[in-house]
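A.B. asks:
Residue numbers (UniProt numbering), protein chains in the order written: chain A, 1 to 862; chain B, 1 to 127.
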């Protein structure tokens, strides 16, 4: 930067060498320079966002990382193009350097495992644990227990990972899905729902490759065309690292000819709003998700449920828990009904505990193949779903499965009318390391207890406002940090978990999908808290203790504190890893010294290096070099000499060029005259009285940002430069912490006329600086400018207006420049903002009137 | 103000309608084309100030379209606007002389400023 400023000064002060450039060439050059600076800002800004994301861990997914790196690259490439135009033939080498870096970035982001090219279908009889990369874990583990333990599993086949890739590549769905993820936002549930919809439509429209459709048909025929359960078996699903519990779709009762549609539907669930929330929050790469699908014969279950070979909330290592409902087991897993439960000692096979729940509904397979919900009446409500003998048989099978995998298991089972046990699914069970403890006896918070004895489903304690979620609309309105309260533990609610402080549901089980996801996200949860909907209604803040099963009124710090030490630190995720590795090609700055012999294109190793190089050379090309515009810098004098300097590029001044000063009367540029009028029309009263907070905010910002330190400001000498022509003026100014460009052209042809305002910086914190930029933006928009505000930067343009309107606009910009520069300090005070705004508007009206025109007549381009 | 004559090329109908409506409000004269060949036809008929070009299109992709546009009208500025964050396209497009490369989604203001930059840069370079 220093060197850049030095060259700038050399240019301004050198008097000899009148070898002039034409006005057109100069204008073209300054236009390229302006575009170079704009591209530089944008690239650095995006770079900063990416670095910030690695610090805060707030990454949005790999599509976002890819888009951001490409935005930086596009900005840097734009800088190269502009620099090459400013000085043709001198810097062409940069393009090759750039292309090499970008290629390395691309390789880093696309570092994926080789695609499998196996069979499209694998039959259950041929599937083992080792088939996992092709079949996903769900099918692989079923195949494994069948062959290794002789356990009964449904007949069926897997549509493999190879089939998935074939489908995705052949139909170009992979590209299309990446595109849809990029162009939709992923910031909230509403955006994710829209994304889900678009992706589902794209998948629905994609034809299955004929060989895949044939393979599916053959496989079904081989089984005798039974009704199928079509289930997700995504790669990585059910792993210890990420359970994806309940995120993906299962289609039950599917007729073989409907299989292709069911297959598409299951694939689409990979990108449902719920699953995407999970993926993004776990930092998994959405472009690496692969969905093999399991197709299995439907089991006509008399009863079904889940078996846990350990107690999911820790403690009690000897206990096996069996949950059972009448009918199909879906009611247990989706949390829609209470289930019976047996607790069995794994050593003695003795029933330790037995709880028969009141069951209100059950799921049945209807004769037409559809799955229906039935109400359960009378005695059946309280009848056990299975006999104790069956519970013990299940416990034994479950124990064998655990022994085989040497890890606690979560097993879904079905019992047919003829008494056969079929294992529908088994997967590693995430067991909480921290034991459940009852509230201590000397619990000082006890008087505030709202509910106790709820089933702990995820440890820890947190407080927040209670927010009841019943409908889909409630989900969209869910406020950040609230306690999520719902009747049933529906897996769809997991989309809200990253934003919830705690979870409470009346029904469901501590081992269901939702409980699983709460534990993965580390959110305290109570599932099975009967009466919670009623007890918590009308209550504002509660504290939920997921370790003890208690809910308290208000914020109970002690509970939260006691539970806090139990949090495990988050591990780096796939996406943050990808982000960090791509950043090594983007952000490190190696070219630090422009005077060094190493300051040259072939020493650029990152995009930041190239940006730095282009910026430095751009300044040099603009203000140094042998050929310069006519006239050199003269100091402006209006009564007294000022810190304003003027460069005439032709026709902007009268009188002698030889003087070192120039008086305002000699300025012929109508645009500069208008600008100057605006700058001086109303006396600036000096900086606003500083409130202590605003002032401290200035000091803190200055201390944090070396570019804002007083030294850097002094390097520029607080000087401002007018570059003028007959109908043209460009003001580059720097006041303390503020950088500003005002440029305008006002001639007879409205098509050529424009006014442009760029403003950035300030001493106060970003919040205040942003508020100031918005204030200025509001005023400019009133006068027809198109304005964009990003953080503290403001870009405004007015185009294609009459000569008078362009002059007026310049006057207004001059006024705003002088009067808004230090008010950022008071911008935290809404009343002050309003007061300033009123004053500015009145002043501007007066100014316009003085210029002999109706106030506010600058006509809008739109 | 003399209207900016803008050619929008994209195979996505929703995109074309949304953006042409917004640009017409900004006083631009918008012509739309939903494929590369159609864009080339339009360019043969009308003298545009600027082109906004999508990349992934059936029939003829954006890069090939850009190559032919540059052959027919070398100094007509073309802004690439794509939903595919693809490094190759960036390099190829810029090597072929695209004015700039933007990623969807892009704000209307940001895109319009870019359009004005392109138009202005062209008139400056010509003079």
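Heads up, the beta-carbon is just placed ideally off N, CA and C, and yes, glycines get one too.
With 8 Å as the threshold, decide whether the Cβ of residue 812 of chain A is near any Cβ in chain B.
C.D. replies: Taking Cβ atoms only, chain B never reaches closer than 8 Å to residue 812 of chain A, which makes this a no.
A.B. asks: Assuming residue 286 of chain A contacts residue 61 of chain A (C-beta within less than 8 Å), just tell me the rounded distance between them.
C.D. replies: Confirmed, about 5 Å.
A.B. asks: Exposed or buried, what is residue 520 of chain A when buried is set at 16 or more other beta-carbons lying within 10 Å of its beta-carbon?
C.D. replies: So residue 520 of chain A counts as buried.
A.B. asks: Considering only their Cβ atoms, is the gap separating residue 816 of chain A from residue 776 of chain A smaller than 8 Å?
C.D. replies: Cβ atoms of residue 776 of chain A and residue 816 of chain A: closer than 8 Å.
A.B. asks: In this structure, what does DSSP give as the bridge partners for residue 787 of chain A?
C.D. replies: BP columns for residue 787 of chain A point to A/796.
A.B. asks: Count Cβ pairs between the segment 319 to 328 of chain A and the segment 378 to 394 of chain A that sit closer than 8 Å; are there 3 or more?
C.D. replies: Yes, the segment 319 to 328 of chain A touches the segment 378 to 394 of chain A.
A.B. asks: Cβ of residue 47 of chain A less than 8 Å from any chain B Cβ?
C.D. replies: Chain B, which has no Cβ nearer than 8 Å to the Cβ of residue 47 of chain A, makes this no.
A.B. asks: Skipping 5 residues on each side, what residues in its chain have a beta carbon closer than 6 Å to that of residue 771 of chain A?
C.D. replies: Hits under 6 Å: 827.
A.B. asks: Taking Cβ-Cβ distances below 9 Å as the criterion, which residues of the segment 164 to 191 of chain A are in contact with chain B?
C.D. replies: The residues in question are 172, 175, 176, 178, 179, 180, 182, 183, 184 and 185.
A.B. asks: Could you check the C-alpha separation between residue 546 of chain A and residue 504 of chain A for me, to the nearest Å?
C.D. replies: If I take the Cα positions, the gap works out to 9 Å.
A.B. asks: Would you please state the rounded distance, in angstroms, between the beta carbons of residue 289 of chain A and residue 274 of chain A? I believe it to be under 8 Å.
C.D. replies: Actually they do not touch by this definition, with Cβ atoms about 14 Å apart.
A.B. asks: Do residue 103 of chain B and residue 114 of chain B count as a contact pair if the criterion is CB distance below 8 Å?
C.D. replies: Not closer than 8 Å, so no.
A.B. asks: Say yes only if the C-beta of residue 785 of chain A is nearer than 7 Å to one or more non-hydrogen atoms of the ligand NAP, and no if none qualify.
C.D. replies: Questions concerning the ligand NAP fall outside what the structure shown contains, since it holds no ligand whatsoever.
A.B. asks: Once the 5 residues before and after residue 137 of chain A are set aside, which same chain residues still bring their CB inside 6 Å of it?
C.D. replies: Only 238 meet the Cβ criterion.
A.B. asks: Can you find the residues in the same chain that come closer than 6 Å, C-beta to C-beta, to residue 108 of chain A, ignoring five residues on each side of it along the sequence?
C.D. replies: Cβ neighbours of residue 108 of chain A beyond the five flanking positions: 581 and 582.
A.B. asks: For a contact defined as C-beta to C-beta under 7 Å, what are the partners of residue 106 of chain A on chain B?
C.D. replies: Within chain B, the residues near residue 106 of chain A are 87.
A.B. asks: Thinking C-beta only, is residue 298 of chain A closer than 8 Å to residue 253 of chain A?
C.D. replies: Yes, the pair counts as a contact, with Cβ atoms nearer than the cut-off.
A.B. asks: If I measure Cβ to Cβ from residue 758 of chain A and keep anything under 6 Å in the same chain, skipping five residues before and after, which residues do I get?
C.D. replies: So the list reads 741 and 795, once near-sequence residues are dropped.
A.B. asks: Give a yes or no on whether the minimum CB-CB distance between residue 103 of chain A and chain B is below 8 Å.
C.D. replies: Yes, contact with chain B.
A.B. asks: Using a Cβ-Cβ cutoff of less than 6 Å, which residues in the same chain neighbour residue 111 of chain B once the five nearest sequence positions on both sides are dropped?
C.D. replies: Cβ within range, chain order: n/a, list empty.
A.B. asks: What did DSSP end up calling residue 626 of chain A once you bin it into helix, strand or coil?
C.D. replies: With a pLDDT of 39 at residue 626 of chain A, under the threshold of 50, the modelled position of that residue is not reliable, and no figure is offered here.
A.B. asks: Determine the closest residue to residue 36 of chain B out of B/66, B/3, B/77 and B/96, with distance taken between C-alpha atoms.
C.D. replies: Cα-wise, what sits closest to residue 36 of chain B is B/66.
A.B. asks: Fully enclosed by the UniProt domain "PEP-utilising enzyme mobile" (478 to 549) of chain A, which beta strand (DSSP E) runs are 3 residues long or longer?
C.D. replies: Listed in chain order, the complete beta strand (DSSP E) runs (minimum 3 residues) inside the UniProt domain "PEP-utilising enzyme mobile" (478 to 549) of chain A are 483 to 486, 502 to 505, 525 to 527 and 541 to 545.
A.B. asks: Below 8 Å on the Cβ atoms is my contact criterion, and I expect residue 229 of chain A with residue 296 of chain A to pass it. Report the Cβ-Cβ distance as a whole number of Å.
C.D. replies: Between residue 296 of chain A and residue 229 of chain A the Cβ distance is about 5 Å, and since that is below 8 Å, they are a contact.
A.B. asks: When you compare the segment 134 to 148 of chain A with the segment 158 to 165 of chain A, are there three or more beta-carbon pairs, one atom per stretch, that lie closer than 8 Å?
C.D. replies: Counting Cβ pairs under 8 Å, three or more are found: they touch.
A.B. asks: Closer than 9 Å between beta carbons: that is the criterion. Which residues of the segment 103 to 125 of chain B meet it against chain A?
C.D. replies: Under the 9 Å Cβ criterion, the segment 103 to 125 of chain B contributes 103, 104, 105, 107, 109, 110, 112, 113, 116, 117, 120, 121, 123, 124 and 125.
A.B. asks: If we require 4 or more residues per run, which alpha helix (DSSP H) segments fall completely within the segment 29 to 102 of chain A?
C.D. replies: Whole alpha helix (DSSP H) segments, 4+ residues: 62 to 86.
A.B. asks: I need the straight-line Cα distance from residue 402 of chain A to residue 127 of chain A, nearest angstrom please.
C.D. replies: Those two C-alpha atoms are separated by around 19 Å.
A.B. asks: Nearest chain B C-beta to residue 628 of chain A closer than 8 Å, yes or no?
C.D. replies: For residue 628 of chain A, the pLDDT reaches just 42, beneath the cut-off of 50, and the residue's location in the model is therefore unreliable, leaving the point undetermined.
A.B. asks: For residue 476 of chain A, is the classification buried or exposed, using 16 other Cβ atoms within 10 angstroms of its Cβ as the cut-off for buried?
C.D. replies: With fewer than 16 other Cβ atoms within 10 Å, it is exposed.
A.B. asks: On the three-state DSSP scale, how would you describe residue 20 of chain B?
C.D. replies: Three-state result, residue 20 of chain B: helix.
A.B. asks: Alpha carbon to alpha carbon, how far is residue 68 of chain B from residue 745 of chain A?
C.D. replies: Rounded to the nearest angstrom, the two C-alpha atoms are 35 Å apart.
A.B. asks: Is the Cβ-Cβ distance between residue 544 of chain A and residue 619 of chain A less than 8 Å?
C.D. replies: No, the Cβ-Cβ distance between residue 544 of chain A and residue 619 of chain A is not below 8 Å.
A.B. asks: Just verifying my parser: in three-state terms, what is the DSSP assignment at residue 757 of chain A?
C.D. replies: Reduced to three states, the DSSP call for residue 757 of chain A is strand.
A.B. asks: Rounded to the nearest angstrom, how far is the Cβ of residue 863 of chain A from that of residue 458 of chain A, given a contact under 8 Å?
C.D. replies: Nothing about residue 863 of chain A can be read from this structure; chain A reaches only from 1 to 862.
A.B. asks: Under three-state DSSP, which class holds residue 662 of chain A?
C.D. replies: Residue 662 of chain A falls in the strand class under three-state DSSP.
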